[in-house]
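Here is the structure we will look at.
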Amino acid sequence: MTSRQRTPPLPKPVDVALRELSNAMQRLGMYPPGHGHAVSAVRSLHEKVTAALIDRNAITVGITPHGLLIDGIAIEPLPSVLRELASKLHRRNVGTIHLQAGTDGTELAMMVAALAAPDAEEKVGRDGLRLDHLRIEPLIYDVLEFGNPLAEQELDDVFWTQLIEAAFGRRLADTEGTPTAEMIADAITEQSATESGARRVYEALTGLCSAIAVRPERSTISARRRFIDVLTALSRPVTTRVMSAAPSPSSRRRFLRETLSVVPPALVLQVLESVADADRDPISDQLRWLLGRLAGSGDGPTGAGNAAFSAQVVGLVEQWEGTAQDGIDTDSGDPRLSVEGLRVVAIGLEIVTPAPTVIAAARRVAEQGRIAELMQLLDAPANDAATVDTIASAVFEPSVLAGLLRATPIDFGIAERVAVQLGRDAIDPLLDSLDAADDRATRRRLLDVVVRVAPGGSELLLARLPGAGWQLARNIFVVLARLPDVQQVDPILVGLKHPDRRVRHEALKAALGQPSIRRRAVQDAIEGDDPSMTRTALAALDRECPPELIAPVLSVLGHEDPDLQLLAVGLIGDARSPLVVPPLLGLVRTRGGLLQRTRLLPRTPVMLAALQVLASRWSHHRPVMPVLQLAARSDEREVQAALGRIE
569 MTSRQRTPPL PKPVDVALRE LSNAMQRLGM YPPGHGHAVS AVRSLHEKVT AALIDRNAIT
629 VGITPHGLLI DGIAIEPLPS VLRELASKLH RRNVGTIHLQ AGTDGTELAM MVAALAAPDA
689 EEKVGRDGLR LDHLRIEPLI YDVLEFGNPL AEQELDDVFW TQLIEAAFGR RLADTEGTPT
749 AEMIADAITE QSATESGARR VYEALTGLCS AIAVRPERST ISARRRFIDV LTALSRPVTT
809 RVMSAAPSPS SRRRFLRETL SVVPPALVLQ VLESVADADR DPISDQLRWL LGRLAGSGDG
869 PTGAGNAAFS AQVVGLVEQW EGTAQDGIDT DSGDPRLSVE GLRVVAIGLE IVTPAPTVIA
929 AARRVAEQGR IAELMQLLDA PANDAATVDT IASAVFEPSV LAGLLRATPI DFGIAERVAV
989 QLGRDAIDPL LDSLDAADDR ATRRRLLDVV VRVAPGGSEL LLARLPGAGW QLARNIFVVL
1049 ARLPDVQQVD PILVGLKHPD RRVRHEALKA ALGQPSIRRR AVQDAIEGDD PSMTRTALAA
1109 LDRECPPELI APVLSVLGHE DPDLQLLAVG LIGDARSPLV VPPLLGLVRT RGGLLQRTRL
1169 LPRTPVMLAA LQVLASRWSH HRPVMPVLQL AARSDEREVQ AALGRIE
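Reminder that position 383 of the sequence shown reads as 951 in our numbering, one-by-one numbering, no gaps.
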């Protein structure tokens, strides 16, 4: 057996931080995230991690079945509590944990919650976790970088030694020599008789297999041969017992896929049948015959041919069972790339290469409904903007947005991000959802998203007006009212004649925001019979009445609504045209009695406002002078104030 030298001791702050991580995982496994004990554990972990990062910028912890690598160096001897932590993380399919200076309590809380969750193997063990200062990578050993072939050999020796320890239940002394594959197989036969022993063997086998499978171009021939020799020496019942010790069926399937890329076709059937037996779903005689025909009676294909054969086997099994898993992707050159779509996307972002394989992986992730995870990956601050845009543009299509908007409830954080990426192409799916929404809060949120993507797409909004229900039409005009420049304004003018008053009102607001039709819209609203639209039109003039609108505004002075009259008086107060005088006089004085003498009308806000305009601008106008003299003799304080005689 290859002996290993003792490594430098684990730095004390790192040792303490890892022990605190083990404690925090245990606490969050027992208590809900908001519980006092859980919060206290995360707070303590934050203190220990901060202390460990004082003298270094980052820490990378590599996970093996029963050991840890700190920044690429295997730690020996390892305290039992940390060996247990390594085993626990390995069962969750965690490959590496990378902590950077600046890691905060929130990030650590998310990490511990993910690691302590019952479904950790399926989530963080499959997709990893990537935050600003913290990253967890699944059990993919090529994320560890080694500087030379000796380090590669040492990695294989680490996993080979762990397999020997799992088989014999102890660490062999150097004086006992190196066991042969047959001796290891006999020891595994004994260990697999117990559940715990079988589980340790399974973990060691999966660790060694993964380390070989993901490094085919760099793996040593001896490591591959030793793995094959051990599997060949195992009987089918023993292999089945070991496979039954896997924590989940998905873990067995992952081991199967990796093993198929390592072992020759002649050994495939034994591994495949053992996995099927462990699943309690034995393969049929027909499939066994077909696989035997594919494997052939000789040594079978090697190298690239072996990889192609393995891909065929996995595809046949999954199609035979009717479970279209992620293992094979016909659009991808390497079947392994389809196992972890998010990992492929992450690699593409890291090397700033939006290759077809990366885009295909991103599309597959989106089709699986994992858009939130994909978004989180794309939104990382360190990403190249052009690369992110290329991937997002290829993946986020209107159909993706439509699917998000059909969810109940709608995740507006994700939907809005996709809509912004689509731009004007998001308008139709958003309007469809807006038309179908039956509660006000949802419509309001959808309107906000439409407003964000509407600039440059006004023609798409206008195209939806014909045949639209009153509610959708009203909402379209609400959006148009927030756009500064609409090229096709005729549909807005048509909206002013809509049979529903609510639609007309919003169409008027949209028209008032367009300089080319603003005055026409004001005139149409003033001359209409809807007081609310008249009020909106008068208020939009902002106390300045253009000469061409004086006549329509004067007509409002005869309206029975005093509020409208008051608005109209304020608008014509600065008008220079003498045409305003007769209507104003009509608001101030009247004739009555036997002699039809002129007298002032009762004091009202409208009468006083009209009198003030006459006194300030038309005091020398002949028809106005008698009225002002009459008002001057009044002893009413409000009248004198309108004449400007008192404050």
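No residue lacks a Cβ here, since even glycine has one placed at the ideal position from N, Cα and C.
Starting from residue 628, trace the beta strand (DSSP E) in both directions and tell me its first and last residue. That run of the beta strand (DSSP E) goes 626–632.
Does the Cβ-Cβ distance between residue 777 and residue 841 come in under 9 Å? no
Under a Cβ-count criterion, where at least 16 other Cβ atoms within 10 Å of its own Cβ denotes burial, should residue 1092 be classed as buried or exposed? buried
Helix, strand or coil at residue 1209 [DSSP, three-state]: helix
With a threshold of 8 Å on Cβ separation, who are the neighbours of residue 934 within its own chain once the five nearest residues in sequence on each side are excluded? Excluding positions up to five away in sequence, the list reads 942, 963, 964, 968.
Tell me the DSSP secondary structure of residue 1039 in three-state form. helix
Could you check what DSSP says for residue 948 in three-state terms: helix, strand or coil? coil
Give the DSSP bridge partners of residue 1159, in chain order. 1166
DSSP three-state call for residue 1066: helix, strand or coil? coil
Is the number of C-beta pairs between the stretch 593–612 and the stretch 620–627 that are closer than 8 Å three or more? No: fewer than three Cβ pairs fall under 8 Å.
Taking buried to mean at least 16 other C-beta atoms within 10 Å of its own C-beta, is residue 836 buried or exposed? buried
Can you tell me whether DSSP reads residue 1073 as helix, strand or coil? helix
Does the stretch 648–655 come within contact of the stretch 688–705, defined as at least 3 CB pairs closer than 8 Å? Counting Cβ pairs under 8 Å, fewer than three are found: no touch.
With a 10 Å radius around its C-beta and 16 neighbouring C-beta atoms as the bar for buried, classify residue 1065 as buried or exposed. exposed
Contact set for residue 979: own chain, Cβ-Cβ below 8 Å, skip 5 residues either direction: 940, 972
Cβ separation of residue 1030 and residue 1014, assumed to be a contact under 8 Å, to the nearest whole Å: Rounded, the Cβ-Cβ distance is 18 Å, inconsistent with contact.
Three-state secondary structure (DSSP) at residue 959? Residue 959: helix per DSSP, three-state reduction.
Ordered along the chain, which non-local residues of its own chain (more than five positions away) have a Cβ less than 6 Å from that of residue 1192? 1182, 1186
Residue 658 (DSSP reduced to helix, strand or coil): helix
Using 9 Å as the threshold, is the C-beta distance between residue 774 and residue 736 below it? No, they are not a contact pair.
For residue 694 and residue 685, I'd like the C-alpha separation in whole angstroms. 13 Å
Quick check on residue 1154: buried or exposed, where buried means 16 or more other Cβ atoms within 10 Å of its Cβ? exposed
Roughly how many whole angstroms lie between the Cα atoms of residue 1080 and residue 704? Cα to Cα, residue 1080 sits roughly 55 Å from residue 704.
Between the alpha carbons of residue 1130 and residue 1158, how many angstroms are there, rounded? 18 Å
Meets three-Cβ-pair contact criterion under 8 Å: the stretch 797–804 and the stretch 633–646: no
Opposing strand residues paired with residue 706 [DSSP bridges]: 662
Give me, in chain order, the residues of the same chain whose beta-carbon lies closer than 8 Å to that of residue 945; leave out the 5 immediate sequence neighbours on both sides. 698, 910, 913, 914, 917
Which ranges would you report for the beta strand (DSSP E) in the stretch 1109–1188 if only whole runs of at least 3 residues count? 1157–1160, 1165–1168
Inter-residue spacing [alpha-carbon to alpha-carbon] between residue 1166 and residue 1202: 13 Å
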